[in-house]
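The block underneath contains the structure these notes are about, expressed in structure tokens.
2 protein chains.
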Amino acid sequence: MNTRFAVATHMLAYLAHAQGQPVSSEVLASSAGTHPVVVRRLMSTLRDAGFVQSQRGAGGGTVLARPAAEITLLDVFRAVQETEPDLFQVGSTNPNAHCDLGRVMQQTLEGMFGPAIEAMRAALAAVTVQQVMQELGKRLPNGCAGASG
Amino acid sequence: MNTRFAVATHMLAYLAHAQGQPVSSEVLASSAGTHPVVVRRLMSTLRDAGFVQSQRGAGGGTVLARPAAEITLLDVFRAVQETEPDLFQVGSTNPNAHCDLGRVMQQTLEGMFGPAIEAMRAALAAVTVQQVMQELGKRLPNGCAGASG
DNA sequence: AGAAATGTAACCAAATCGGTTACTATCTGT
DNA sequence: ACAGATAGTAACCGATTTGGTTACATTTCT
Numbered sequence: 119m120n121t122r123f124a125v126a127t128h129m130l131a132y133l134a135h136a137q138g139q140p141v142s143s144e145v146l147a148s149s150a151g152t153h154p155v156v157v158r159r160l161m162s163t164l165r166d167a168g169f170v171q172s173q174r175g176a177g178g179g180t181v182l183a184r185p186a187a188e189i190t191l192l193d194v195f196r197a198v199q200e201t202e203p204d205l206f207q208v209g210s211t212n213p214n215a216h217c218d219l220g221r222v223m224q225q226t227l228e229g230m231f232g233p234a235i236e237a238m239r240a241a242l243a244a245v246t247v248q249q250v251m252q253e254l255g256k257r258l259p260n261g262c263a264g265a266s267g
Numbered sequence: 119m120n121t122r123f124a125v126a127t128h129m130l131a132y133l134a135h136a137q138g139q140p141v142s143s144e145v146l147a148s149s150a151g152t153h154p155v156v157v158r159r160l161m162s163t164l165r166d167a168g169f170v171q172s173q174r175g176a177g178g179g180t181v182l183a184r185p186a187a188e189i190t191l192l193d194v195f196r197a198v199q200e201t202e203p204d205l206f207q208v209g210s211t212n213p214n215a216h217c218d219l220g221r222v223m224q225q226t227l228e229g230m231f232g233p234a235i236e237a238m239r240a241a242l243a244a245v246t247v248q249q250v251m252q253e254l255g256k257r258l259p260n261g262c263a264g265a266s267g
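Top to bottom, those sequences are chains A and B.
Read in our numbering, the first sequence has 163 at position 45, and its numbers run on one by one without any break.
Read in our numbering, the second sequence has 256 at position 138, and its numbers run on one by one without any break.
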């Protein structure tokens, strides 16, 4: 899987911790261990999804556009992972035209994965960015997250 | 995601339906809509995992090495998807050496994904190859699966 | 004006994936 | 013994994806 989901969550949690103070892509990239352009690319997606808001120019950066408590990890996953419908891409076995087995197999697997996928979705939907941030706070009592890195 | 998991399940269900009769990679490939070499590659993995047994030469093919009721989809997934531990590869954000945030973020996300991953695993473990085969039988009453395709 | 920052296109190297060819090894049947 | 059928496996290829990087236009603040 990609790193996009993890990086996006990382960025959002950082923004939540910044409490409305704009954060530059350079700072976020440094924290997430990637390149500022990668951050801005992801931000573009998150902006389209309505999660963040950016300001150009000196002193600019990105802030959350919604309360962190109202952004779930499922929201983030959906925004960032364009191929969300097939969280498990069961299909893509090229069904044999000569027989229905291929197609039926695909339907069958999809049916049997339904519960698994729903369980995963529910688990992701149960966690908010705010919770991630708070969990981070517990593990980083020194406050490094808000300062330099 | 790959097609490997779907194809492997396809093959195993087919073998379960064949009831001990060896099935050639050509037949399986035709049914799954792929190439015989792809089937044999996957079979090699499934053989290493102890799920199937193959016989070379004329009249050869592959048979199940275990009762279909004792092979779960989680088993198949683990065997075929080498990167199983990170069903969600949360990590691979390069933690910033300057600050612990990267590493802690990774730990935090992993911790919050634990339940989601476990839910998914449980759902996969609850389905056996035999159940897939039976479900296929319901949807293919004409018995095409056992005949030509 | 100049510095700082985003937005975005473009390119690249690496990895992955599935298909294909080619060859060897093995087994069965005559 | 020989021919045919089959698995096992290495090797290569093209397509796709991914993330990093450069480059440049745009915006905003001082």
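Glycine included, every Cβ here is placed at the ideal spot set by N, Cα and C.
As the structure is a prediction and not an experimental result, all values here were calculated from the model.
With a contact defined as Cβ atoms closer than 8 Å, ALA126/B and VAL194/B qualify at about 5 Å. Cβ proximity to chain A below 7 Å picks out ALA241, LEU242, VAL245, VAL250, GLU253, LEU254 and ARG257 from the stretch 241-257 of chain B.
Counting only Cβ-Cβ distances below 7 Å, ALA234/A has contacts in chain B at MET238, ALA241 and LEU242, in chain order.
For the stretch 151-181 of chain A, the continuous alpha helix (DSSP H) assignments of 4+ residues that do not extend past its boundaries occur at 154-166, in sequence order.
By the Cβ criterion, the stretch 245-255 of chain B is in contact with the stretch 128-136 of chain B, since at least three pairs of Cβ atoms, one from each stretch, lie closer than 8 Å. In the DSSP assignment, ALA187/B falls outside any alpha helix (DSSP H), carrying neither H nor E. When rounded, the separation of the alpha-carbon atoms in PRO233/A and VAL155/B is 33 Å.
At a cut-off of 8 Å, the C-beta of VAL156/B has no neighbouring C-beta in chain A. In chain order, VAL250, GLU253, LEU254 and ARG257 make up the part of chain A whose C-beta sits under 7 Å from the C-beta of THR226/B. In terms of Cβ geometry, ALA167/B and ALA197/B form a close pair [threshold 8 Å].
Excluding the 5 residues flanking it on each side, SER143/B has same chain C-beta neighbours closer than 6 Å at PRO154, VAL157 and ARG158, in chain order. Across the structure, ALA243/B and LEU191/B are spaced so that their CA atoms are roughly 6 Å apart.
Approximately 11 Å separates the beta-carbon atoms of GLN173/B and ARG165/B; this is outside 8 Å, ruling out the contact.
Rounded to the nearest angstrom, the gap between the Cα atoms of ALA136/B and PHE169/B is 15 Å. With 16 or more other CB atoms across the displayed protein chains lying within 10 angstroms of its CB, ALA241/B is buried.
Cβ-Cβ distances below 6 Å link VAL145/B to nothing in the same chain once the five nearest sequence neighbours on each side are left out. Of GLN225/B, GLY138/B, ARG184/B and ALA124/B, the smallest CA-CA separation from LEU160/B is found for ALA124/B.
Put simply, the backbone Cα of LEU227/A is about 11 Å away from that of THR246/B.
Taking C-alpha positions only, ARG257/B is separated from ALA134/B by approximately 16 Å. Using beta-carbon distances, ALA131/B counts as an interface residue toward chain A, with a partner under 8 Å.
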